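**Student:** I have a structure here, written as structure tokens, and I will follow up with some questions on it.
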Amino acid sequence: MTHRPEARLLAAWALACLGGAWPASAQPPLLVEYVQVRRTNLTFDAALTGTIAAKDSVDIGFRLGGRVTEVLVREGDRVAEGQPLARTDPLQQEQALQVARAAVVAAEASEAQARQALERADAMLRRGVGTRAAFDAASQGLSAATGALTQARATLGQAERALEDTVIRAPSDAIVTARQAEPGQIVGAAQAVISLASATGREAVFLTPDTPLLRDAIGAPVSLNGIDFPELRMQARVTEIAPLVDPATGSVTVRAEIEDAPVSTSLLGAAVRGAVHFPAGTGIAVPWTALTAAGGQPAVWLVDAEHRARLAPVRIERFINGTVILAEGVEPGQIVVGAGSQMLYPGRQVAAGPAGGK
Numbered sequence: 004m005t006h007r008p009e010a011r012l013l014a015a016w017a018l019a020c021l022g023g024a025w026p027a028s029a030q031p032p033l034l035v036e037y038v039q040v041r042r043t044n045l046t047f048d049a050a051l052t053g054t055i056a057a058k059d060s061v062d063i064g065f066r067l068g069g070r071v072t073e074v075l076v077r078e079g080d081r082v083a084e085g086q087p088l089a090r091t092d093p094l095q096q097e098q099a100l101q102v103a104r105a106a107v108v109a110a111e112a113s114e115a116q117a118r119q120a121l122e123r124a125d126a127m128l129r130r131g132v133g134t135r136a137a138f139d140a141a142s143q144g145l146s147a148a149t150g151a152l153t154q155a156r157a158t159l160g161q162a163e164r165a166l167e168d169t170v171i172r173a174p175s176d177a178i179v180t181a182r183q184a185e186p187g188q189i190v191g192a193a194q195a196v197i198s199l200a201s202a203t204g205r206e207a208v209f210l211t212p213d214t215p216l217l218r219d220a221i222g223a224p225v226s227l228n229g230i231d232f233p234e235l236r237m238q239a240r241v242t243e244i245a246p247l248v249d250p251a252t253g254s255v256t257v258r259a260e261i262e263d264a265p266v267s268t269s270l271l272g273a274a275v276r277g278a279v280h281f282p283a284g285t286g287i288a289v290p291w292t293a294l295t296a297a298g299g300q301p302a303v304w305l306v307d308a309e310h311r312a313r314l315a316p317v318r319i320e321r322f323i324n325g326t327v328i329l330a331e332g333v334e335p336g337q338i339v340v341g342a343g344s345q346m347l348y349p350g351r352q353v354a355a356g357p358a359g360g361k
């Protein structure tokens, strides 16, 4: 039995229609997401854990050793500039001050007598009844008395400062973070007695592995979340990066100044999580939906001037939060297909529209 060619073509067309297939030239454009390729600034996010510290802190003690008689503050107290914090027994300094004052009085009297002697010698020399030798001796006596008075006054000043140094005063408005001495304790010169933290200015201190990105991280923004205080949300900026790795921890210390930090003393030492956004140069970012494969290698679908899709091999640099950073394969200004790329084949006609449409 023979069949005419027309009958065979008609049967093939009917089978194609029943299967829902259309010739490629007759298919309507596939609606996909158009993504224009742009070069953008990139950041590298690192999750760190650290603590909140005062921007400025200091340990203070007595300039001279002695027995502590009073400690006037407790940990957590706020103190004002010049406020007394602690005292040592001032008996020895008070006695030295009395001796110095008496020495000044005696030196002033000697200086007055020497000045009067010089005036008499000068008057006698003018009248012709005195000698030049007597005048010179009186001048030398006045110079010696003046020098002794100057030395006595300097000793008096030292004695007054020594008495003042029996009291520790706050160098500025601050918060007491540690009390390291108690009444009755003997302390040495410059031994830490009170630890102070600045009343304003807070920073987050992190220990992080060393990375080349740290070189450009000064000024990088940091998002902070409290661990001890879950509701705490703050912003900071990196202000200091240790130039060397700490051999004890194998890490680098990073400090970030907190913007508009609460002044509560309870925040000092609180643990925080920080997301540091390091600048990482520029790159080409495309959504992950644009990524496909060709011959086992990554690729994207490019849209040509005739709105037809073609595969373009690419090289991936890294992935960041649902975004693919491409090192090469596409150029700024080109159009790649985002959502809907799974339905493409080379030469397929496409149009911008709701992804996945036919």
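Numbering (the numbering used here), first residue to last: 4 to 361.
Don't be surprised by glycine CBs; every beta carbon is placed ideally from N, CA and C.
Note that the structure is predicted; figures quoted are calculated from it, not measured.
1. Whose C-beta lies closer than 6 Å to the C-beta of residue 330 among residues of the same chain, with five residues either side of it excluded?
2. If you count every other CB in all the chains shown that lies within 10 Å of the CB of residue 350, and 16 or more means buried, which is it?
3. Please state whether DSSP places residue 325 in a helix, a strand or coil.
4. Inspect the beta-carbon positions of residue 341 and residue 40 and report whether they are closer than 8 Å.
5. Taking only three categories from DSSP, how would you classify residue 186?
6. Measuring only from the beta carbon, is residue 146 closer than 7 Å to any heavy atom that is part of the ligand MG?
7. Is the shortest distance between the beta-carbon of residue 304 and the beta-carbons of chain B less than 8 Å?
8. To the nearest angstrom, how far is the alpha carbon of residue 238 from that of residue 52?
9. At which residues does the alpha helix (DSSP H) containing residue 46 begin and terminate?
10. Check each candidate in 194, 201, 173 and 57 and name the one with the smallest Cα separation from residue 183.
11. Using the Cα positions of residue 3 and residue 128, report the straight-line distance between them to the nearest angstrom.
12. Let me make sure I understand the geometry here. Which of 185, 333 and 246 has the alpha-carbon closest to that of residue 75?
13. Quick check: residue 67 and residue 104, are their CB atoms within less than 8 Å of each other?
14. Could you please give the first and the last residue of the uninterrupted beta strand (DSSP E) stretch that includes residue 198?
15. Roughly how many angstroms lie between the CA atoms of residue 234 and residue 275, to the nearest whole one?
16. Return yes when the Cβ of residue 306 is within less than 8 Å of the Cβ of residue 338, no when it is not.
17. Which word fits residue 33, buried or exposed, when buried means at least 16 other C-beta atoms lie within 10 angstroms of its C-beta?
18. In this structure, does DSSP put residue 175 in helix, strand or coil?
19. Which two residues bound the contiguous beta strand (DSSP E) that contains residue 237?
20. Tell me whether residue 76 sits in a helix, a strand or coil according to DSSP, three-state version.
21. Going along the chain, which residues of its own chain have a beta-carbon closer than 8 Å to the beta-carbon of residue 106, five neighbours each way excluded?
22. Considering only the alpha carbon of each residue, which of 217, 296 and 269 lies closest to residue 258?
23. I'd like to check one pair, residue 79 with residue 179: are the Cβ atoms closer than 8 Å?
24. Three-state secondary structure (DSSP) at residue 128?
25. Rounded C-beta distance between residue 213 and residue 248? I'm assuming under 8 Å.
26. Spatial neighbours of residue 260 within its chain, please: C-beta separation below 7 Å, excluding the five flanking residues on both sides.
27. Between which two residues does the beta strand (DSSP E) holding residue 229 run?
28. Going by DSSP, what residues sit across from residue 352 in a beta bridge?
29. My guess is that residue 210 and residue 252 are in contact by the Cβ rule of under 8 Å, so how many angstroms apart are they, rounded?
30. If you follow the beta strand (DSSP E) that residue 60 is in, where does it begin and where does it stop?
31. Please identify the residue among 287, 175 and 142 whose C-alpha is closest to the C-alpha of residue 83.
32. Which residue's Cα is closest to the Cα of residue 208: 278, 232, 347 and 117?
33. Kindly give me the distance between the Cβ atoms of residue 61 and residue 152, rounded to whole angstroms, as I take these residues to be in contact under 8 Å.
34. Under the three-state reduction of DSSP, which class applies to residue 281: helix, strand or coil?
35. Taking just the CA atoms, how far does residue 327 sit from residue 49?
**Tutor:** So, to answer that:
1. Closer than 6 Å at the Cβ level, and outside the excluded window around residue 330, lie 318 and 320.
2. Flag for residue 350 reads exposed.
3. coil
4. no
5. coil
6. Questions concerning the ligand MG fall outside what the structure shown contains, since it holds no ligand whatsoever.
7. In the structure shown, chain B does not exist; there is a single protein chain.
8. Using only the alpha carbons, I get a separation of about 14 Å.
9. Not the alpha helix (DSSP H): residue 46 falls in the beta strand (DSSP E), residues 42–57.
10. Among 194, 201, 173 and 57, the Cα nearest to that of residue 183 is on 194.
11. This structure cannot speak to residue 3, because the chain is shown only from 4 to 361.
12. 185
13. no
14. Start and end: 197–201.
15. 11 Å
16. yes
17. buried
18. coil
19. Note, residue 237: beta strand (DSSP E), 236–244.
20. Residue 76 falls in the coil class under three-state DSSP.
21. 155, 158 and 159
22. Checking every option, the nearest Cα to that of residue 258 belongs to 217.
23. Yes, the Cβ-Cβ distance between residue 179 and residue 79 is below 8 Å.
24. helix
25. 5 Å
26. Here the set comprises 58, 206, 239, 240 and 242.
27. 224–229
28. 311
29. The pair is a contact, with the Cβ atoms about 6 Å apart (cut-off 8 Å).
30. 60–63
31. 175
32. 278
33. Taking the Cβ atoms as the reference, residue 61 lies roughly 39 Å from residue 152, outside the contact range of under 8 Å.
34. Here DSSP, grouped into helix, strand and coil, assigns residue 281 to strand.
35. 17 Å
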